[in-house]
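Residue numbers for the sequence shown follow the numbering used here, beginning at 130 and rising by one. Note that the Cβ used here is the ideal one computed from N, Cα and C, for glycine as well. These notes concern the structure reproduced below.
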Amino acid sequence: MRVDVVSIFPEYLAPLRLSLLGRAQEGGLLDLEVHDLRDFAFDRHRTVDDTPYGGGAGMVMKAEPWALALESVLAELAELAAQTPAADLPTLIVPSPAGEVFTQRLAYELAEEPSLTFACGRYEGIDERVLEWARGHFRVRPVSLGDYVLNGGEVAVMAMVEAIGRLLPGVVGNPESLVEESHADGLLEYPVYTKPSSWRGHDVPEVLLSGNHGLIARWRREQQLRRTAARRPELLEGADPSEFGREERAV
Ligand code: ADE
């Protein structure tokens, strides 16, 4: 997958070169290109922001540097498309607390794309006309990490690229670990333990030492349901209550 990120703080994205995603880049599974928005601002001070029309606090990101930066990304994507035919418009993700919420489901969906472009806003946001213009060239998706406000899109992009990147084929060594984790099946993950079996007076649940794989699977499922009911009850809405009852009775 090709990922382009446009930001006024390219260094912010440096951690994406580490660990699992770093290896994915070395292995050619992920091509991550970070672009400095200021390279597309041509006045003496390389200005990327200005005061908002209508007044109010803070500054708004100017349209023209964004259009030039995104046109430059589009030109690079078009060159790549000469090698890998891309059917649809490329996807542009605009991190914003006013976007649709990023979920594991969306991570799976975006992991299918041949390329993703991320536009990191700062200050009070990007001039809305950039999004209007971009809709002619990209499939534009404003996406929020959650109901809180960050200082800019960079941290949100780090979270999204990590969540999406680990789903690309070959990035996680053992694909089983993607199946067994929180949200993979809409529930929270069961608790995990390692040696020693008794530690500072806390014991590993007996069933996990039993070697009975059927019982262990049932116990884990029940723990998932209990945890989800306690911590994130809204995730169980629409779940089959008979299954919940069955699992509760089974263990
Ligand atoms: N930028 C500022 N806050 C954000 C959030 N919650 N999600 C995504 N991008 C943001």
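For residue i, the three-state DSSP class (helix, strand or coil)
| i | result |
| --- | --- |
| MET289 | helix |
| SER327 | strand |
| HIS174 | coil |
| ARG361 | coil |
| GLY294 | helix |
| ALA186 | coil |
| SER273 | strand |
| ALA151 | Here the sequence assigns Gly to residue 151, which means Ala is not the residue at that position. Correct three-state label for GLY151: helix. |
| PHE169 | helix |
| PRO144 | helix |
| PRO224 | strand |
| ALA73 | Residue 73 is absent from the model: the chain starts at 130 and stops at 380. |
| ARG347 | helix |
| GLU162 | strand |
Residue of the options minimising C-alpha distance to residue i
| i | options | result |
| --- | --- | --- |
| PRO320 | ALA285, THR357 and GLY343 | THR357 |
| PRO354 | LEU317, ALA207, GLY330 and VAL259 | In the sequence under discussion, the amino acid at residue 354 is Leu, which differs from the Pro named in the question. Nearest of LEU317, ALA207, GLY330 and VAL259 to LEU354, Cα basis: LEU317. |
| ASP165 | LEU159, GLU155 and VAL177 | VAL177 |
| PRO271 | MET287, ILE222 and TYR252 | ILE222 |
| HIS266 | LEU307, VAL308 and PRO219 | PRO219 |
| GLY299 | GLU208, ALA248, PRO144 and ARG152 | ARG152 |
| PHE138 | ALA248, ASP256 and GLY302 | ALA248 |
| ALA143 | LEU161, GLY157, GLY156 and GLU155 | LEU161 |
| ARG361 | GLY315, ALA207 and ARG268 | GLY315 |
| GLY228 | GLN154, ASP276 and GLU335 | ASP276 |
| GLN384 | VAL301, GLY187 and GLU366 | Since the displayed the chain opens at 130 and closes at 380, residue 384 lies outside it and no answer follows. |
| LEU206 | LEU239, MET287 and PRO243 | PRO243 |
| ARG258 | ALA211, LYS191, GLU238 and ALA368 | LYS191 |
| TYR237 | GLY367, LEU365, LEU296 and GLU261 | LEU296 |
Per-residue burial, residue i [other beta carbons within 10 Å of its own, 16 or more giving buried]
| i | result |
| --- | --- |
| ARG131 | buried |
| GLU351 | buried |
| SER327 | exposed |
| GLU283 | buried |
| LEU274 | buried |
| SER225 | buried |
| ARG251 | buried |
| THR246 | buried |
| VAL278 | exposed |
| ASP256 | buried |
| SER339 | exposed |
| ALA204 | exposed |
Close Cβ partners of residue i (< 6 Å) along its chain, the five nearest in sequence each way excluded
| i | result |
| --- | --- |
| PRO181 | VAL189 |
| SER311 | LEU317 and GLU318 |
| ARG408 | With the chain covering 130 to 380 only, the question about residue 408 has no answer from this structure. |
C-alpha gap between residue i and residue j, whole angstroms
| i | j | result |
| --- | --- | --- |
| ARG234 | ASP172 | 42 Å |
| VAL202 | PHE231 | 23 Å |
| VAL163 | ALA285 | 15 Å |
| GLU305 | ALA263 | 38 Å |
| SER148 | GLY294 | 12 Å |
| GLU200 | GLU363 | 41 Å |
| GLU253 | TRP195 | 15 Å |
| GLU291 | LEU307 | 13 Å |
| ARG375 | ALA313 | For ARG375, the pLDDT reaches just 47, beneath the cut-off of 50, and the residue's location in the model is therefore unreliable, leaving the point undetermined. |
| GLY185 | ARG167 | 24 Å |
| GLY330 | ARG347 | 26 Å |
| GLY332 | PHE169 | Correcting the residue identity first, residue 332 is Asp in this sequence and not Gly. The alpha-carbon atoms of ASP332 and PHE169 are separated by roughly 59 Å. |
| ASN303 | ASN341 | 23 Å |
| VAL134 | ALA198 | 10 Å |
| ALA240 | GLU261 | 25 Å |
| LEU145 | LEU158 | 14 Å |
beta-carbon residue i near the ligand FAD non-hydrogen atom, thresh 8 Å
| i | result |
| --- | --- |
| ASP165 | In terms of ligand content, the structure shown lacks the ligand FAD and carries the ligand ADE instead. |
Residues near residue i in its chain [Cβ-Cβ closer than 7 Å; skip 5 each side]
| i | result |
| --- | --- |
| LEU337 | TYR322 and ILE345 |
| TYR141 | GLU283 |
Residues near residue i in its chain [Cβ-Cβ closer than 8 Å; skip 5 each side]
| i | result |
| --- | --- |
| THR213 | PRO243 |
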